[in-house]
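Working notes, structure below.
Numbering (the numbering used here), first residue to last: 8 to 400.
Here is the structure:
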């Protein structure tokens, strides 16, 4: 029979597997980018295609971004440690931000250069037919690596790998532009090459901005959508034992979701029952959103939003026992004292065992003795009847 695998061990295995998959697809893409970049730059120079030359430079930026992805993925998939108890996924978010910035910079440079060429009318030599072959090869190669990379990114839930896949597709878009503009230029419309390059540069900028802005929102702890937040609150409210939910905060770390929630329960239940209610809420929320990583729930006996929260200056158990001893005498050692801190008052419950040969206090006497204390709310006294075993039982 197989040994059970702990949650921590399973998480470590998942991190290792994800890192290997991300590294493999990125290295394959990087080799492809380097080969295509060399082909396009050489063909662009030899056969008079400025567009293909710029497209080749774009491919080399893909190589640089692949190196960024390799480094970031290796760090972001490390296990949590003392300095990073929630893990290192935010490094992946930062890497996505860098990658988006690279896309914006490359797109802006391409747009500026080709806009100047369009305005100045520099295009005067039609490119040769090998440019068409190089562009077609680039389209096929980059479209294949896009689908492969995106499939891996979705499988390992990595926004960085998905972003890198789209970076590959922008290179395919550029090559499509080169393909059509070269055909047009060979037919005599030389300006088509430059105009189409400007359009593709705008697409590159748009994609880069999307990834950059999404990363910024995550880094500043933008929460879930109002719809998802309300759905999670409804799940909590419908859980048996939950009276209300008065706070739910969320944030993202990579693809994972982190939640903090305050659950209002009956004030007279046990600590263990309150914790069990919280665990049932956790189970319901995880079933609704599979990428929830951590849920920290806080059990409240009252709704802090309806009135002032209970003051931390109320007396402690030791202080209340001392006050009782001062006014009514020493309590029997078997006496259990239960305290309820509600609405800035302390409500007392005393449980006596009748087997103790001691005076049994009454609730009325306790109320009388403690009536002048501003923190005193109420008192109840319980007496446990001795258990008598039936004959023959």
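Idealized CB from N, CA, C, for every residue including glycine. Because the structure is a prediction, the values reported are computed rather than measured.
Provide the residue span of the alpha helix (DSSP H) that contains residue i, from first to last.
i: residue 328; result: 324-335
i: residue 153; result: 137-162
i: residue 277; result: No alpha helix (DSSP H) contains residue 277, which DSSP labels as neither H nor E.
i: residue 235; result: 233-244
i: residue 257; result: No alpha helix (DSSP H) holds residue 257; the beta strand (DSSP E) holding it covers 251-260.
i: residue 376; result: 370-377
i: residue 343; result: Here residue 343 belongs to no alpha helix (DSSP H); instead the beta strand (DSSP E) covers 343-349.
i: residue 178; result: 166-193
Quick check: what's the CA-CA separation for residue i versus residue j?
i: residue 117; j: residue 174; result: 15 Å
i: residue 243; j: residue 210; result: 43 Å
i: residue 122; j: residue 207; result: 12 Å
i: residue 10; j: residue 255; result: For residue 10, the predicted structure reports a pLDDT of 48, less than 50, and the residue's modelled location is therefore unreliable. A value from the coordinates is still provided. Using only the alpha carbons, I get a separation of about 37 Å.
i: residue 223; j: residue 234; result: 21 Å
i: residue 46; j: residue 302; result: 51 Å
i: residue 344; j: residue 219; result: 57 Å
i: residue 236; j: residue 288; result: 14 Å
i: residue 374; j: residue 250; result: 30 Å
i: residue 34; j: residue 77; result: 8 Å
i: residue 105; j: residue 165; result: 15 Å
i: residue 370; j: residue 379; result: 15 Å
i: residue 103; j: residue 352; result: 52 Å
i: residue 62; j: residue 212; result: 15 Å
i: residue 400; j: residue 342; result: Residue placement at residue 400 cannot be trusted, given a pLDDT of 47 that sits under 50; what the coordinates show is reported in the next sentence. About 29 Å.
i: residue 331; j: residue 307; result: 27 Å
i: residue 8; j: residue 296; result: Because the pLDDT of residue 8 is 42, which lies under 50, any placement of that residue in the model is unreliable, and the number read from its coordinates should be weighed accordingly. Roughly 32 Å separates the two Cα atoms.
i: residue 204; j: residue 40; result: 19 Å
i: residue 389; j: residue 318; result: 27 Å
i: residue 176; j: residue 221; result: 19 Å
i: residue 54; j: residue 196; result: 17 Å
i: residue 75; j: residue 101; result: 11 Å
i: residue 68; j: residue 198; result: 25 Å
i: residue 127; j: residue 259; result: 48 Å
i: residue 191; j: residue 125; result: 15 Å
i: residue 276; j: residue 328; result: 22 Å
i: residue 181; j: residue 231; result: 35 Å
i: residue 52; j: residue 38; result: 22 Å
i: residue 245; j: residue 64; result: 57 Å
i: residue 247; j: residue 291; result: 11 Å
i: residue 372; j: residue 280; result: 32 Å
i: residue 153; j: residue 136; result: 26 Å
i: residue 217; j: residue 238; result: 26 Å
i: residue 383; j: residue 326; result: 12 Å
i: residue 114; j: residue 161; result: 25 Å
i: residue 56; j: residue 27; result: 39 Å
i: residue 145; j: residue 300; result: 39 Å
i: residue 107; j: residue 119; result: 18 Å
i: residue 368; j: residue 257; result: 49 Å
i: residue 381; j: residue 336; result: 21 Å
Is the CB-CB distance between residue i and residue j below 7 Å?
i: residue 72; j: residue 109; result: yes
i: residue 159; j: residue 32; result: yes
i: residue 214; j: residue 29; result: no
i: residue 25; j: residue 163; result: yes
i: residue 141; j: residue 186; result: no
i: residue 138; j: residue 50; result: yes
i: residue 355; j: residue 386; result: yes
i: residue 150; j: residue 179; result: yes
i: residue 298; j: residue 263; result: yes
i: residue 274; j: residue 349; result: yes
Would you mind giving the Cβ-Cβ distance between residue i and residue j, rounded to the nearest angstrom? I have them listed as a contact below 8 Å.
i: residue 59; j: residue 148; result: That pair is no contact at about 14 Å.
i: residue 36; j: residue 189; result: With 8 Å as the limit, residue 36 and residue 189 do not qualify as a contact, their Cβ atoms being about 25 Å apart.
i: residue 269; j: residue 305; result: 5 Å
i: residue 271; j: residue 310; result: 5 Å
i: residue 266; j: residue 334; result: Not really, about 46 Å apart at Cβ, beyond 8 Å.
Could you please give the first and the last residue of the uninterrupted beta strand (DSSP E) stretch that includes residue i?
i: residue 384; result: 383-391
i: residue 270; result: 263-271
i: residue 305; result: 299-307
i: residue 360; result: 352-360
**Request:** Decide if the stretch 321-331 is in contact with the stretch 279-290; the criterion is three or more beta carbon pairs, one per stretch, under 8 Å apart.
**Result:** no
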